[in-house]
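Engineer:
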Amino acid sequence: MLLLLLLLLLLLLLLLLLLLLLLLLLLLLLLLLLLLPLLLRQPPPLLLLLLLLLLLRITSTCWH
Numbered sequence: 007m008l009l010l011l012l013l014l015l016l017l018l019l020l021l022l023l024l025l026l027l028l029l030l031l032l033l034l035l036l037l038l039l040l041l042l043p044l045l046l047r048q049p050p051p052l053l054l055l056l057l058l059l060l061l062l063r064i065t066s067t068c069w070h
């Protein structure tokens, strides 16, 4: 009984963590969308590329 309760608690914790990660990801996407016009106004697209790479890196680490 206790083991089952602990397992359930662990599962709940994992779900919470996953939700938190998704929220963080959404916030990052929102930030990127907000920064996109500012970045496009400036000549160097290198920064944008770096941001996209960073976002990809974060998402890949989240899923693995």
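Using the working numbering, you'd call the opening residue of the sequence shown number 7 and step up by one each time. We treat Cβ as the ideally placed atom computed from N, Cα and C, and that holds for glycine.
Measuring CA to CA, which of Leu29, Leu28, Leu31 and Leu57 is closest to Leu41?
Structural biologist: Sequence index remark: in the sequence shown, residue 41 carries index 35 (1-based). Cα-wise, what sits closest to Leu41 is Leu57.
Engineer: Let me make sure I understand the geometry here. Which of Leu32, Leu59, Leu38 and Leu27 has the alpha-carbon closest to that of Trp69?
Structural biologist: For the purposes of this step, residue 69 is taken as the residue at position 63 of the sequence shown. Minimum Cα distance to Trp69 is reached at Leu27.
Engineer: Using only alpha-carbon positions, find the residue among Pro43, Leu16, Leu35 and Leu11 that is nearest to Leu5.
Structural biologist: Because residue 5 is not part of the residues shown, which for the chain are 7 to 70, the question remains open.
Engineer: Just the Cα atoms here: how many angstroms apart are Leu11 and Leu17?
Structural biologist: Position 5 of the sequence shown, counting from 1, holds the residue named residue 11. Position 11 of the sequence shown, counting from 1, holds the residue named residue 17. If I take the Cα positions, the gap works out to 10 angstroms.
Engineer: What separation, rounded to the nearest whole angstrom, lies between the Cα atoms of Met7 and Leu39?
Structural biologist: Residue numbering aside, residue 7 sits at position 1 when the sequence shown is read from its first letter. Residue numbering aside, residue 39 sits at position 33 when the sequence shown is read from its first letter. Going from the Cα of Met7 to the Cα of Leu39 covers about 48 angstroms.
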